[in-house]
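With the numbering used here, the residue at position 2 of the sequence shown is 4, and numbering never jumps.
Built from N, CA and C at the ideal position, the CB exists for glycine as well.
As structure tokens, the structure follows; a few thoughts come after it.
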Amino acid sequence: MRTSPNDLASPAARRAAAHLGKLIRQARLARAMTQSELAVRAKTSPSTVMRVEKGGVESGLGTVLLMLEQLGLLHHISELTDPTTEALMEHKGRKRARSSTSTDLDF
Numbered sequence: 003m004r005t006s007p008n009d010l011a012s013p014a015a016r017r018a019a020a021h022l023g024k025l026i027r028q029a030r031l032a033r034a035m036t037q038s039e040l041a042v043r044a045k046t047s048p049s050t051v052m053r054v055e056k057g058g059v060e061s062g063l064g065t066v067l068l069m070l071e072q073l074g075l076l077h078h079i080s081e082l083t084d085p086t087t088e089a090l091m092e093h094k095g096r097k098r099a100r101s102s103t104s105t106d107l108d109f
């Protein structure tokens, strides 16, 4: 039996997908755009637009980004920051992760 991405997504991920889908739907409707029109602009199918708007997690990130771009919302993604990560990176001064040298695999 195949497992769908919706089955694998955590409850938090499903809530975030539902919220993002609602935002996309509201933005599309505010612009008097049909699902088919958004699909053409985002180079995807109307059924994919419908799934994203319903909060499905199975669509690719690129597709969702194209939809956001066509609705004029992509700049909001660029504005996302994580102060905790920024503080940790500043404190550690690392630009990339290094593999552990420890051979202790005791969990």
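Checklist line | Cα-Cα separation between residue 54 and residue 83, rounded to whole angstroms | finding: 23 angstroms
Next item on the list: Use the C-beta contact count for residue 50: other C-beta atoms within 10 angstroms, 16 or more gives buried, fewer gives exposed.
Entry: buried
Notebook entry, point to check: For residue 45, which residues from the same chain have a beta carbon less than 7 angstroms from its beta carbon, with the 5 sequence-adjacent residues on both sides left out?
Noted result: 68
Next item on the list: Return yes when the Cβ of residue 38 is within less than 9 angstroms of the Cβ of residue 48, no when it is not.
Entry: yes
Notebook entry, point to check: When you compare only the Cα positions, how much space is there between residue 58 and residue 15?
Noted result: 10 angstroms
Check: Can you find a C-beta in chain D that's less than 9 angstroms from the C-beta of residue 74?
Finding: Annotation note: the requested chain D is absent from the structure, which comprises a single protein chain.
Next item on the list: Measure the Cβ-Cβ separation of residue 26 and residue 70 and say whether it is below 9 angstroms.
Entry: yes
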